[in-house]
Structure formats: structure tokens, C-alpha cells
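To start, the structure itself, in C-alpha cells.
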Amino acid sequence: MIEGLVALYIFSLAAFTGYEVISKVPVILHTPLMSGSNFVHGIVLVGAMVTMGHAQGALELTIGFVGVFLAAGNAVGGYVVTDRMLEMFKSSKKENS
Amino acid sequence: MSLLIEVSYFLAALLFIFGLKRMSSPKNARQGIVWAGVGMLIATLATFFYPGLHNYSIMMVAIVSGSIIAWWTGRRVAMTDMPQMIALYNGMGGGAAAAIAALELTRLTKLNNAPTSLEELTQAVSDAALNGVEGITIGVLALAVFGAIIGTVAFSGSLVAFLKLQGIMKGVIRFKGLQAVNAAVFISTIAIGVYLCTQVEVAAGGVITQADFNLTWVAVFFAIALVFGVLMTVPIGGADMPVVISLFNALTGLAVGVEGYVLGNAAMMIAGVVVGSAGTLLTQLMAKAMNRPIANVLFSNFGSGGASQS
Chain C
414 MIEGLVALYI FSLAAFTGYE VISKVPVILH TPLMSGSNFV HGIVLVGAMV TMGHAQGALE
474 LTIGFVGVFL AAGNAVGGYV VTDRMLEMFK SSKKENS
Chain B
7 MSLLIEVSYF LAALLFIFGL KRMSSPKNAR QGIVWAGVGM LIATLATFFY PGLHNYSIMM
67 VAIVSGSIIA WWTGRRVAMT DMPQMIALYN GMGGGAAAAI AALELTRLTK LNNAPTSLEE
127 LTQAVSDAAL NGVEGITIGV LALAVFGAII GTVAFSGSLV AFLKLQGIMK GVIRFKGLQA
187 VNAAVFISTI AIGVYLCTQV EVAAGGVITQ ADFNLTWVAV FFAIALVFGV LMTVPIGGAD
247 MPVVISLFNA LTGLAVGVEG YVLGNAAMMI AGVVVGSAGT LLTQLMAKAM NRPIANVLFS
307 NFGSGGASQS
């Protein structure tokens, strides 16, 4: 378990990092970046797998199953959609230049 | 947790930040998602070696079915329909974060019967250790409840956004006093969350030894949070949806980060909160690009017949 104050450090530094990473982004990249960050929080899959792995009984297993199913959808769907968007972005860039 | 898993999670967190950084400049945006994808793959594969996990076969069914459906829908959707797909996948992430919290709360209801003897108390503590959380503390419960609210609201809100952009749910539903109803539902959600946190017996060090709430309360809690997500999104028009989806994206990130703390998973904490803050900034930038403050997008339509639509 991560101690309270260490967690606070992690949260603060992560929040600062997220802010810095996005701060100078052109308007055309807003939607792809929203999609990209949508993919990144697909890491919830890891947590869903761990919780489901500890589930006991039908109810817990069902909730765990739903969690893993949804998380897998978030990760895979987020990746596919972002990749397609950035692909289009790249090709349209070539045509312009 | 073995060192290999810890290192994999650390690598994943680094790759996510690196990938997002790449994605925010037009030149090499495409590489960014690939880097982040590699991070996700490493973290997921490492989790299969997590000690003490069960239910592998059903877990594989969940992963494979979720992946195939998402891959198939993501591949065949038209480019113009991308925003609602982001909303859908984002809602799934929020739902997953909420499911993690729901499972933790369900586990806590097992401590419903007061341990009358020392053996029962030790049994309860070892049960908690077996469940992967070494004695849920009151602070962890409070954060789990907080993450549950955000995740659930992001889930139902994103689904409404998806239905609206997809054209399944048509028009903008508004009625007089909607703002008051929303406020009431929001306050009840918070109130039940606080109630859950107070209905526990706490031993030294904040470790919960007894929970006085049952499954019904947990179900009611999630149901009301679901309703709030729907009510919050229903009055918002289609043109404003991208901003709202971005907001739900940030909320899901925050929920994932918070549930990461509950599970003691640093990769989830870092990735979640990075998305939470990046998403918040992105929401502001998008609203600015549309020349509308966020408060205007969220609240101007409530109750009073949407002058902003013109």
C-alpha cells in the first residue's frame, strides 16, 4: 500500500506533468489528444484485472467481469480510434505540404 | 508484488507520459499513440503474473470479448462519427473504475457482521489481506467512494453523449426546475457517499473492522450517481458535446487515478491523474476555441430554455 503523503506527491507531480504536456498544443490536435488521453486511462484494465482476480462468489465475479470487459473496451477502442485519427492527420498533412 | 511487475508498471507510466508528449506536437503524433500502446501492452501482460489472482479463464473471456467488440466498432466507424466513439470508450473506462469501487464496497459489506471474538477479527483482517488490500482504511474507503461517484457519472454521462451524437437520443430535453432537480440529485449522491463512509467501525490506524451498510445501500448509491450523470448531460446540445466529452474524459482519468490509490497501483495513479489534469486543461482549451466558457456550456441550458443555442 502506498502511504498517504507519498500518494500526495505522486498525485501532485502527475497533475503537473499532465498540465505541462498539454500546455502548448495546436487546435487541430485537440480531438486526437482527447482520444489519446482516453486511451491512456485505459490502464484501468490493470486494476480491473487485479480486482477481478480476487473476486469470490457470483456477485463479485459478475461485477469484476463487467469491469474487465469495459476496461478492455476502453483500452482497445481508444487505441484504434486514436490511431485512425492520427493516420488521417498525417496523410492530410502530406497533401498540404 | 514482484519487482518485475513493479518495473513494468513504472515503464508503462513513463511510456504514457512520453506518448502523450509526442501526441501533442503535429510532427510525430502518430508515434505517440504507438509508444503509449507499447506501455499498455507491457502493463497488461505483467498483470497476468500478479501474485494470488484467480478466475483467469473468465478474465480472458472478458478481455477478449471487450477487445474484439471495441476493435470492430472502432475500425468500421466513419471518421465523422469519431467523437461519439471517444465518448463510448471513455464511458467504458469510467464504468470500469466504478466497477472496481463497487467490488471494494461489496467486499466491505462482508464485514457487516460484527466480529464478536478475536478469531473472527483475525479472520476478517486476513480476508482483507487475501483480497489484495491489507485492511481497508477509512481514507481508502473515502477515496473509493469519491472515485465511484466520478467514475459512475462519467459512465452514464458519456453514454448519453454517445446516444445523442449517434442520433439515437434526439433533441435536447429540458424542463423548468431541472437545475434544482440536478442539484438535489447531486447532493443526495454526495450524502449517501458520506453516509457509507460514516457507517464503519474503525480500529487503530484507521483500519475498518466492521461495516454497518449492506448491499442495498451500495446499489442505491450507484443508481443515484448513474441518474446524476444522465440528468447532467441530457440538457446539453450536440454542438457543445465535444467539450462535455473532454470533461468526462478528465473525470474518468481522475476516477482511475483515485481507484489506483485504492488498489495501491502507482501506474494507475500516475496515468489517471496525468489524464485528469491534461483533460481538464484540454476541456478549457476546447471551450476557449469555441469562444464559450465551460460554465456556460454546462449550466446555461439548465432550466431556462437555452439562449445559448442561437
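Just so you know, the sequences run in chain order C and B. The first sequence: position 86 = 499 (this note's numbering), numbered continuously. The second sequence: position 83 = 89 (this note's numbering), numbered continuously. Virtual Cβ for every residue (Gly too), placed ideally from N, Cα, C. All values derive from a computational prediction rather than experimental measurement.
Asked, Found
"The region 287–299 of chain B contacting the region 478–492 of chain C, beta-carbon criterion three pairs below 8 Å", "no"
"Contacts that B/ILE276 makes with chain C (C-beta to C-beta distance below 7 Å)", "ILE423, ALA427"
"Residues of its chain near C/MET465, where Cβ-Cβ distance is below 7 Å and the 5 sequence neighbours each way are ignored", "GLY477, PHE478, GLY480, VAL481"
"Under 9 Å between C-beta atoms of B/GLY282 and B/GLU265", "no"
"Residues bridged to B/THR143 (per DSSP)", "B/VAL213"
"Three-state secondary structure assigned by DSSP to B/SER8", "coil"
"B/GLY45 beta carbon less than 9 Å from that of B/ALA103", "no"
"Near-chain C residues of the region 143–168 of chain B (beta-carbon distance less than 7 Å), N- to C-terminal order", "GLY145"
"Cβ shell of B/PHE55 (< 8 Å), same chain only, five flanking positions each side left out", "SER8, LEU10, ILE11"
"Which residues DSSP lists as bridging B/GLU125, in chain order", "B/GLU125 pairs with nothing; no bridge assigned."
"For B/GLY25, three-class secondary structure by DSSP", "helix"
"N- and C-terminal bounds of the alpha helix (DSSP H) containing B/VAL44", "35–53"
"Proximity of B/ALA167 and B/PHE227 at Cβ, strictly below 9 Å", "no"
"Chain B contact for C/LEU418 (CB, 9 Å cutoff)", "no"
"Contacts of B/PHE22 in chain C (Cβ-Cβ under 8 Å)", "VAL453, ILE456"
"For B/VAL240, three-class secondary structure by DSSP", "coil"
"The region 444–453 of chain C in contact with the region 491–499 of chain C per 3-pair CB rule at 8 Å", "yes"
"Own chain, CB closer than 7 Å to B/GLY212, minus 5 neighbours either side, in chain order", "THR143, ILE144, GLY145"
"Where C/GLU416 falls: helix, strand or coil (DSSP)", "coil"
"Entirely enclosed alpha helix (DSSP H) segments - the region 267–300 of chain B, minimum 4 residues", "272–295"
"Length of the line joining the Cα atoms of B/ALA52 and B/GLY270", "16 Å"
"Below-9 Å beta-carbon distance, B/ASN188 vs any chain C residue", "no"
"Cross-chain neighbours of B/THR258 in chain C, by beta carbon under 9 Å", "ASN451, HIS454, VAL457, ASN487"
"Distance, B/ALA210 Cα to B/LEU94 Cα", "43 Å"
"As assigned by DSSP and simplified to three states, the class of B/VAL13", "helix"
"Among B/MET238, B/LEU260, B/ALA160, B/SER63, nearest to B/ALA301 - alpha-carbon criterion", "B/MET238"
"Cβ-Cβ distance between C/MET462 and B/LEU20 below 9 Å", "no"
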